[in-house]
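**Q** Below is one structure. I have some questions about it.
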Amino acid sequence: MHTTLTSFLLVGCGGFIGSALRYAVTLLGQRISTSYPHGTLWANIGGCLLLGVLTALAGRTGTLAPPVRLLLATGLCGGFTTMSTFTHEALVFIERAAYLHAAGY
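My numbering numbers the first residue of the sequence shown as 13 and each following residue consecutively.
Here is the structure:
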């Protein structure tokens with residue numbers, strides 16, 4: 013059985029790892045192009061895919077204990093994906109009148 017403090021620590025540790033991984037993916041995306049936010053797009057797609065797999069495993073087999081779900085699903089995936097950055101970058105496309113890029117993003 014875990015406590016509330018343990019839950020916060022699990023989410024925080026997962027979030028730290030997820031955020032660091034997102035930063036690494038962002039840097040990798042910038043090597044390809046600085047005019048399009050590849051890294052954010054990859055992080056959001058990959059994080060959503062991982063969250064879907066974790067959710068399916070937890071629901072179907074019951075193999076993921078609640079602390080593991082907090083660490084991986086809430087913490088890691090939450091830190092790795094970033095809706096606020098995605099929204100900001102989409103708005104930047106719109107401000108630049110790059111409507112096709114905004115729609116594709």
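Glycine is no exception: its CB is placed at the ideal position from the N, C-alpha and C atoms.
From a predicted model like this one, the values you see are computed outputs, not experimental measurements.
Would you decide whether L112 is buried or exposed? Buried here means 16 or more other CB atoms lie within 10 Å of its CB.
**A** Residue numbering aside, residue 112 sits at position 100 when the sequence shown is read from its first letter. Counting Cβ neighbours within 10 Å, L112 comes out exposed, since fewer than 16 surround it.
**Q** Just to confirm before moving on: does the CB-CB distance between L22 and L63 stay below 8 Å?
**A** Within the sequence shown, the letter at position 10 stands for residue 22. Within the sequence shown, the letter at position 51 stands for residue 63. No, these two residues do not count as a Cβ contact at 8 Å.
**Q** Taking DSSP as the reference, what is the three-state secondary structure of Y111?
**A** Here residue 111 refers to the residue found at position 99 of the sequence shown. Y111 falls in the helix class under three-state DSSP.
**Q** Which ranges would you report for the alpha helix (DSSP H) in the segment 37-100 if only whole runs of at least 4 residues count?
**A** 50-72, 78-81
**Q** So, is P78 buried or exposed, given that buried needs 16 or more other C-beta atoms within 10 angstroms?
**A** Indexing the sequence shown from 1 puts residue 78 at position 66. Exposed: under 16 other Cβ atoms inside 10 Å.
**Q** Do G41 and H50 have their C-beta atoms within less than 8 Å of each other?
**A** Counting from one through the sequence shown, the residue named residue 41 turns up at place 29. Counting from one through the sequence shown, the residue named residue 50 turns up at place 38. A contact, by the Cβ cut-off of 8 Å.
**Q** Count the other C-beta atoms from every protein chain shown that fall within 10 angstroms of the C-beta of G26, then say buried if there are 16 or more, exposed otherwise.
**A** Within the sequence shown, residue 26 is the residue found at index 14, counting from 1. Buried, since its Cβ has 16 or more Cβ neighbours within 10 Å.
**Q** T52 and E101: beta carbons closer than 8 Å?
**A** Numbered from 1 along the sequence shown, position 40 holds the residue referred to as residue 52. Numbered from 1 along the sequence shown, position 89 holds the residue referred to as residue 101. The answer is yes: Cβ separation under 8 Å.
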